[in-house]
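Please read the structure below before turning to the comments.
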Amino acid sequence: MKRHLLQRFLANLLALFVIISITFFLMKAIPGDPFTQEKALPKEILHSLYEHYKLNDPWYTQYGNYLKSVATWNLGPSFKYKSRTVNEIIKSGFPISAILGLEAMALAITLGILLGTIAALKQNKWQDYAAMLVAVIGISVPSFILAAFLQYFLSIKLDLFPVARWGTFQQSILPALSLAALPTAFIARLTRANMVEVLSMDYIKAARAKGLSDWVVLVKHALRNALLPIITYLGMLTANILTGSFIIEKIFGIPGLGQWFINSITNRDYTVIMGITVFYSLLLLAAISVVDIAYSWIDPRIKIGREKT
Amino acid sequence: MHYRLFLASVLQFRYSLDMLSRISHTFSEKITPLLLTLLIVGCSGNTKHLKDQRLRLNLHSEPPSLDPRKFTDSTSANVLIMLFEGLTRFESDQKPHPAAAKKIALSKDQCTYTFTLRDSYWCNGDPVTAEDFAYSWRKMLEPNFPSLFAYKLFVIKNAAEVKAGTRSLEDLGIRVKDEKTLEITLNHPTPYFLELTAFPSFFPVNKKIDIKTPNWAADSGPSFISNGPFCLKKWEHENEITVKKNPGYWDSKSVKLNEINLAMIDDTTTEFYMFEMNEIDWAGAPLSTLPPDFLPNLKEEGKVSFVPSSGVYYFKINTDDPVLKNIKIRQALGLSINRHAIVNHVTQGGQQPACALVPPIPGWQVNSFFKDGDVEEARKLFAKGLEEMGLKKMPPLTLSYNTSRDHQKIAQAIQHQWKEALDIPVNLEAFDWKVYLSKINSQDYQIGRIGWIGDFNDPLSFLEPFKYRNGTNETGWENSEYIWYLEQAQKELNSKKRASLLARAEKLLIEEMPIIPLYFMNYAFLKKGYLRGEFITSLGIIDFKRAHLKE
């Protein structure tokens, strides 16, 4: 087990290194720099700016500096936001995106499993079709359409929720709903498929034959096994949803991390681009690793690091 | 068997429902009083902020920098004008008036200004001194200090050389004669200098604090002090800024507002909704923009206010292009556009069609050098131009713009107009903003759109970029007569003669048409009726010094 963990760690490190390198070179390849403006700047101004931000150094020096900054987790200052550092940006934006993300995930998991289970139990009956219809809508309708829709009807027309901004529980409901739609749908479909499969297994028949109540059969035996593949999905979902959605945060004016992913590229804010890419990659790699390890712990059929017999 | 399963699922369902209802119970416990409060508050119009003289605005985005020496964008500029003050200040007559300086003397050769400062105080009680101004400006001009807008100070004697490192700071035309007297020497007469001193790049920073805490501009706190009508009380990054009245400001009796809250909502539709729901008192320009989808209806309902701006929307033509180097072809392209149609049916924002380059800035008479939509004349010129080039047909043209629905609509309209009038096939190309700027800068384009807002209210701000080939010209056009006009104007002390020289330069520019003007921009906004006393300068800065909320 320990050897496997070490292998895992090294593999993640390699992946991270590749991600940083590709991002760095892609970033340098696009035209434009942080100071590109409509009004052409005098040469001496540009030169003094490049010197200050070390953009005059050869590419391998800049590359080395980035690697060093990641290793020491001192991700540098933002080029556009003159008095902010990337560390501060992540520190202030991430908790907000994370809380919103956790709310959405809680909603998605509860509702998704519920819908999926009902659909599986009432397979091919109207409850099944209804639940799956909701799921398809959730997957097909883009989150920002749902967000605009909810904002317009529930906030503007019916005045039930605040229009935008972040701080109170009421302000978090509409954005959380918009964010939760897609994961809910996905989880519902996954749950349904797995439940249907599990419910036809022999050990379920055995459990019923033993005289266990339907409730115990469902919760203690079927549900647990059906939810295994959901965990894989949850791993990636966590990394994605916790780092914030650009469009939802934009519509509801939430000061999270999502906006930085897009804006930093538009601004060619090199340090911010590198910093949040690394941050997101770390989260994603960690989430995937946790999922893999959790799998082997939950499902005794899966053994890591040992040969298959 | 099925019945039991059904019961189980119902039980589970009820279990989940129970959980849900427990959540929704607290939900409804909070919602019902909220609904009631909203009903009451909503009906009464939410007037607490009126009593408190607290203005609520949307800043649209986080200001990249609140250090007057480092900022480059209009968001930061609009906050800086609340917090700081320069030697002069624009008032609602669109002219600069003495502000931090109470007396301004100008030498005979019009190159040396002597400013005598008033008694005024920073937010921490320090007196505002001439040294604060001198220190700030010198700092900006140090070769290693990262200041993008330092070039705005290049009117000061030797400033450009000091920044380049070829002269030392002592050679700068900045002298502190005593605690309240500042003497500035310029390179040559600059009639708009007192406008420049009203611009945020010329605002002072507190020398003592800047030396002790160089990072003072990063956050609100005891180190962030300013000398203007308001002080920075709270700065939650990407979320909110609050400013409060500065008791030590020399004109604090004119400041009626106690507090201004600035949200940072990026989405223009959400901002509009917040205005409708009475959560903010202003929507639209100059801090942000009104959502274009709602604009035509709002205009019809008479709810939108318009204010002219020192901005012009035009197209640059790459005159080094093998086809576009022909003047008659350029003129044909320019004359065949129907600007009235575009302004009335495409942009629909009440803009003024432009047949000249310099917009209606204060003190300038807007010219009109050709007839708008003169398709007949355009066709004649076009035929002659093709003949001169030895071409039977015009090869396809590419019209470029930076990605935006508004620019796309305009480009499509022009594409259509050129096809109809001159039978030219036109391709449209959209690019990301910075990529687009890079292409224009390296003249990798044929025709591209640009929006230009003056740096200061003088025709030079619009005409100077085209003086020489390099710099912000980007069209490859250069004309010795044009250069002569501009240089004469720069030396001319008589304002009437100067204006006439500049008008002749503008006429030449439009005749040669390396650029095609489209319309003069304006500011469209919604504001609550109870807000009075604010004004927008034509350069896009909104001043709330004298604003108040009428109850």
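Chains A and B, in that order, give the protein sequences. Heads up: the first sequence runs through residues 1309 to 1617, numbered per the working numbering. Heads up: the second sequence runs through residues 185 to 735, numbered per the working numbering. Glycine included, every Cβ here is placed at the ideal spot set by N, Cα and C.
Can you look up S304(B) in the DSSP assignment and give me helix, strand or coil?
coil
DSSP state of I444(B), grouped into three classes?
strand
Tell me which same chain residues have a C-beta within less than 6 Å of the C-beta of H244(B), skipping the five on either side of it?
L471, S472
So N586(B) is in the beta strand (DSSP E); what residue range does that whole segment cover?
581 to 586
Neighbour list for A1412(A) in chain B, Cβ cutoff strictly below 9 Å
Those within 9 Å of A1412(A) in chain B number zero; the least Cβ separation is about 14 Å.
Could you check if I1610(A) is buried or exposed, using at least 16 other CB atoms within 10 Å of its CB as the buried criterion?
exposed
Measuring only the C-alpha atoms, how far is I340(B) from I1353(A)?
16 Å
Could one say the Cβ of P330(B) lies closer than 8 Å to chain A's Cβ atoms, at least one of them?
yes
Interface positions of the stretch 417 to 433 of chain B facing chain A (Cβ-Cβ less than 7 Å), listed along the chain:
H421, E422, N423
For F1325(A), does the count of other Cβ atoms within 10 angstroms reach 16, so buried, or fall short, so exposed?
exposed
Taking only the alpha-carbon atoms, compute the straight-line gap between L1590(A) and I1556(A) and give it to the nearest angstrom.
23 Å
Can V619(B) and P1339(A) be called in contact, C-beta distance under 8 Å?
yes
Taking only beta-carbon positions, decide if S438(B) is within less than 8 Å of chain A.
no
On the three-pair Cβ rule with 8 Å, is the stretch 1362 to 1374 of chain A touching the stretch 665 to 681 of chain B?
no
Would you mind working out which of A343(B), T452(B), K336(B) sits nearest E326(B), comparing C-alpha positions?
A343(B)
Within the continuous beta strand (DSSP E) that includes H281(B), where are the two ends?
280 to 282
Does the stretch 1374 to 1390 of chain A come into contact with the stretch 1511 to 1523 of chain A, if we say contact requires no fewer than three beta-carbon pairs (one atom in each stretch) closer than 8 Å?
no
Less than 8 Å between CB atoms is the rule here; does I1581(A) satisfy it with respect to chain B?
no
Less than 8 Å between CB atoms is the rule here; does H1360(A) satisfy it with respect to chain B?
yes
I think T125(B) touches P480(B), with their Cβ atoms under 8 Å apart; what is that distance to the nearest whole Å?
Summary: the structure shown does not reach residue 125(B), with chain B confined to residues 185 through 735, and so no result is reported for it.
Following the continuous alpha helix (DSSP H) through F566(B), name the residue where it begins and the one where it ends.
559 to 573
Suppose contacts are defined by Cβ-Cβ distances below 8 Å. Is A1624(A) in contact with I1495(A) by that definition?
Here chain A covers residues 1309 to 1617 and nothing more, so residue 1624(A) does not appear.
Tell me the residue span of the beta strand (DSSP E) that contains K428(B).
424 to 429
Have a look at the DSSP bridge pairing and note the partners of R238(B).
E443(B)
Which residues of chain B have a Cβ atom closer than 8 Å to the Cβ of T1574(A), listed in chain order?
D616, W617, K618
Run through DSSP, which three-state label would Q154(B) get?
Residue 154(B) falls outside the range modelled here, since chain B spans only 185 to 735, and no answer is possible.
Where DSSP assigns a beta bridge to A525(B), which residues make up the other side?
Answer by DSSP bridge pairing: none, since A525(B) is not bridged.
Just the Cα atoms here: how many angstroms apart are P743(B) and L621(B)?
No answer is possible for residue 743(B): it lies beyond the span of chain B, which begins at 185 and ends at 735.
Which residues in chain A sit within 9 Å of N399(B), going by Cβ to Cβ distance?
S1391
Could you tell me whether the Cβ of Q1567(A) comes closer than 8 Å to any Cβ of chain B?
yes
L223(B) versus I1407(A): straight-line alpha-carbon distance, rounded
Below a pLDDT of 50, predicted positions are generally treated as unreliable, and L223(B), at 42, falls in that range; the measurement from the model is reported next regardless. In a straight line, the C-alpha of L223(B) is about 29 Å away from that of I1407(A).
Could you tell me whether any Cβ in chain B is nearer than 8 Å to the Cβ of E1352(A)?
yes
Cβ neighbours of W548(B) in the same chain (closer than 7 Å, five flanking residues each side left out)
V542, P643
Measure the C-alpha to C-alpha separation of D435(B) and P413(B) and round it to an integer number of angstroms.
8 Å
Return the residue from the list A283(B), F299(B), A284(B) that minimises the CA-CA distance to L290(B).
F299(B)
Could you confirm whether any beta carbon from chain B is found closer than 8 Å to the beta carbon of G1424(A)?
no
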